[in-house]
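J.: I am attaching a structure below and will ask some questions about it afterwards.
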Amino acid sequence: MEFTQYLGFLAFLTIISIGFWLMMFLVPFVMYWVTGGAIDLYKEKRNNRKDK
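According to my numbering, the sequence shown is numbered sequentially starting from 29.
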């Protein structure tokens, strides 16, 4: 295995690692957004049923 192949492998691992940790950081925000949207939609539908 040559040195350039080793550097390429390290670059690949670094990119994969950065992507993994970025995903782990962003998933809670997306889940918070989706949950909040679902709760708001539920409350809006419940209020519309009460008004009728």
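Ideal Cβ positions, reconstructed from N, Cα and C, are used throughout, including at glycine.
This structure is a prediction, so every number in the text was calculated from the model and none was measured.
I'd like the span of the alpha helix (DSSP H) that includes Glu72, first residue to last.
T.: Run containing Glu72: Phe31 to Asp79, per the alpha helix (DSSP H) assignment.
J.: Just how far apart, CA to CA, sit Gly47 and Val58?
T.: Their Cα atoms are separated by approximately 16 angstroms.
J.: Do you know how far the Cα of Leu50 is from the Cα of Asn76?
T.: So the two alpha carbons sit approximately 39 angstroms from each other.
J.: Check whether the Cβ of Tyr70 lies closer than 7 angstroms to any Cβ atom in chain C.
T.: This model lacks chain C altogether; it includes just one protein chain.
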